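K.L.:
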Amino acid sequence: MIKQRFIIVCGKGGVGRTSVACALATALAKRGNRTLIATSDSSSRRLSALLGKKINTNITVVGENLWAVNVDPVESVKEYILMTLKLRSIQNLLTGTAFMQSFITSIPGIAEWAVIGKVTWHLIERKKGNYVYDKVILDAPATGHSFSLLKIPLYINKVIHSGPLHEIAKERWTIISDGFTTGIAVVVVPEEMVITETFEFLKNINSSLSIPVITVFVNRVIPPLFDKEEVDYLKEIKNHDEGGEVDAALFRIMRTEIQRRQIDRLKDKFKLVIIPDNMGSEFIPDGFGSMVEVVGDWLDNKNGNVY
């Protein structure tokens with residue numbers, strides 16, 4: 019089981035990051051952890067499709083021990099102002115939609131701070147002395163934006179040296195940089211460019227943030243169908259293939275070999291969880307359920323798909 023309470027799921031766009039984040043949250047909830055999954059506006063429709071419920075800016079119950087929320091920067095900044103300002107007239111002025119849109123787009127880093135500030139607030143949120151959530155999963159933006167998102171409390175501390183915002187940013191930076199509280203799970207597909215960009219991203223994370231990498235989920239891995247003898251035989255009879263079946267089999271073999279080489283680049287450096295590509299669309303219940311099962315086996319320390 020993951021020891022960290024705050025798990026940031028990162029990955030290049032198009033690798034299935036939201037699906038894996040949702041599978042991780044679902045698997046944790048099934049094991050008795052009160053789990054909140056938070057996503058950004060661009061991913062909320064995918065999360066809604068996976069969970070079968072409309073996910074909006076209000077925290078929504080989506081299952082036993084499982085909640086979800088869409089973290090919208092405008093709404094998050096409004097919440098912050100409403101919590102910190104006491105004069106209703108100023109609240110109404112500052113939280114007008116037009117003003118907020120202009121405010122967020124004109125000041126660099128405000129949108130990122132709104133997202134990370136709200137998510138980490140729910141991480142430390144308490145009720146009757148206990149944490150409201152045992153685990154908080156952040157379906158982070160694509161890798162380049164994730165790096166900026168995670169560093170924003172540090173930037174704020176460097177620019178603002180006192181006052182409430184400084185103290186909050188300092189507290190949140192302590193949370194993010196604490197390896198016992200926070201960890202990163204990276205989602206990749208076994209393609210050369212994706213793996214190369216992932217190495218660069220993790221190099222930056224290690225040098226600047228020192229957040230531990232819990233695991234790398236390798237998504238959409240094509241399972242091998244043939245053993246070595248069968249592969250050799252298919253190559254021998256290739257020239258006698260009239261229907262194209264042998265060519266199709268050899269093409270699949272080539273793809274699995276290419277994927278295996280990319281997986282080999284990762285496996286000596288990180289713990290890997292292999293998510294097979296034979297489970298169908300992740301938006302079909304059976305396909306997503308299979309993904310949850312693979313992630314759950316990893317949480318339970320079963321080694322079938324772990325390298």
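Every number in this note's numbering is 18 more than the matching position in the sequence shown, counting from 1. Even glycine gets a Cβ: it sits at the ideal position worked out from N, Cα and C. Remember, predicted model here, so these are calculated numbers, not experimental data.
1. Using 8 Å for Cβ pairs, my map puts W139 next to I174. What's the rounded Cβ distance?
2. Going by beta carbon distance, what residues of the same chain come within less than 7 Å of L84, once the five residues before and after it are set aside?
3. Consult DSSP for K169 and reduce its assignment to one of helix, strand or coil.
4. Judging by CA-CA distance, which residue of S228, K146, V207, E247 is the nearest neighbour of K169?
5. Going by DSSP, what residues sit across from Y149 in a beta bridge?
6. Which of the three DSSP states, helix, strand or coil, is assigned to L290?
7. Among F235, V212, V79, which residue has its Cα nearest to the Cα of K36?
8. Output needed for P242: all residues of its chain with C-beta closer than 7 Å, excluding positions within five of it in sequence on either side, in chain order.
9. Assign I223 to one of two classes, buried (16 or more other C-beta atoms within 10 Å of its C-beta) or exposed (fewer than that).
10. Would you check if the stretch 276 to 289 and the stretch 208 to 219 touch, i.e. whether three or more CB-CB distances between them fall below 8 Å?
11. How should N257 be labelled, buried or exposed, when 16 other C-beta atoms within 10 angstroms of its C-beta is the threshold for buried?
12. Roughly how far, in whole angstroms, is the beta-carbon of T78 from the beta-carbon of D90, given that I think they are within contact range, below 8 Å?
13. What three-state label does DSSP hand S62 in the structure shown?
14. Run through DSSP, which three-state label would I229 get?
15. Excluding sequence positions up to five away, which residues of its chain have a Cβ less than 8 Å from the Cβ of D378?
16. In whole angstroms, what separates the C-alpha of I202 from that of I20?
17. Assign F198 to one of two classes, buried (16 or more other C-beta atoms within 10 Å of its C-beta) or exposed (fewer than that).
18. I need the boundaries of the beta strand (DSSP E) containing V207, first residue and last residue.
19. Quickly, what does DSSP pair A56 with across the bridge? List them, please.
20. Do you know whose CA, among F24, G70, G81, K136, lies nearest V92's CA?
21. With C-beta atoms as the reference, is M309 less than 9 Å away from I293?
22. To which residues of the same chain is F165 closer than 6 Å at the C-beta, ignoring the five residues directly before and after it?
23. Please tell me whether G29 and T161 are closer than 9 Å, where the distance is taken between their beta carbons.
24. Please classify A266 as buried or exposed, where buried requires at least 16 other C-beta atoms within 10 Å of its C-beta.
25. Short check: CB of R270 to CB of I213, under 9 Å?
P.N.:
Reading from the atomic positions:
1. Between I174 and W139 the Cβ distance is about 15 Å, and since that is not below 8 Å, they are no contact.
2. Within the same chain, Cβ atoms closer than 7 Å to the Cβ of L84 are found at A43, T44, A47, T53, the five residues on either side in sequence being excluded.
3. Per DSSP, reduced to three states, the secondary structure at K169 is helical.
4. Nearest of S228, K146, V207, E247 to K169, Cα basis: S228.
5. Answer is R144, bridged to Y149.
6. Of the three classes helix, strand and coil, the one that applies to L290 here is strand, per DSSP.
7. Looking at the sequence itself, residue 36 is Thr, so the reference to Lys does not match. F235 is the residue among F235, V212, V79 whose C-alpha sits nearest the C-alpha of T36.
8. Excluding residues within five positions, the ones whose Cβ falls inside 7 Å are T274.
9. Under this definition I223 is a buried residue.
10. Cβ pair count under 8 Å is three or more, so yes.
11. With fewer than 16 other Cβ atoms inside 10 Å of its own Cβ, N257 counts as exposed.
12. Actually they are not in contact, since the Cβ atoms of T78 and D90 sit about 14 Å apart, beyond 8 Å.
13. In the structure shown, the three-state DSSP call for S62 is helix.
14. In the structure shown, I229 falls within a coil segment according to DSSP collapsed to helix, strand and coil.
15. Limits of the chain in this structure are 19 at one end and 325 at the other, which puts residue 378 out of reach.
16. Cα atoms of I202 and I20: separation of roughly 11 Å, rounded to the nearest angstrom.
17. That one is exposed.
18. Counted as a single uninterrupted DSSP element, the stretch harbouring V207 is not any beta strand (DSSP E), since DSSP gives it neither H nor E.
19. Under DSSP, A56 shares a beta bridge with V87, L156.
20. Checked all of F24, G70, G81, K136; the closest Cα to V92 is K136.
21. Cβ distance < 9 Å, so M309 and I293 count as in contact.
22. For F165, where only same-chain residues beyond five positions count, the Cβ hits under 6 Å are N222.
23. Their beta carbons are under 9 Å apart, which means G29 touches T161 by this criterion.
24. Classification for A266: exposed.
25. No, they are not a contact pair.
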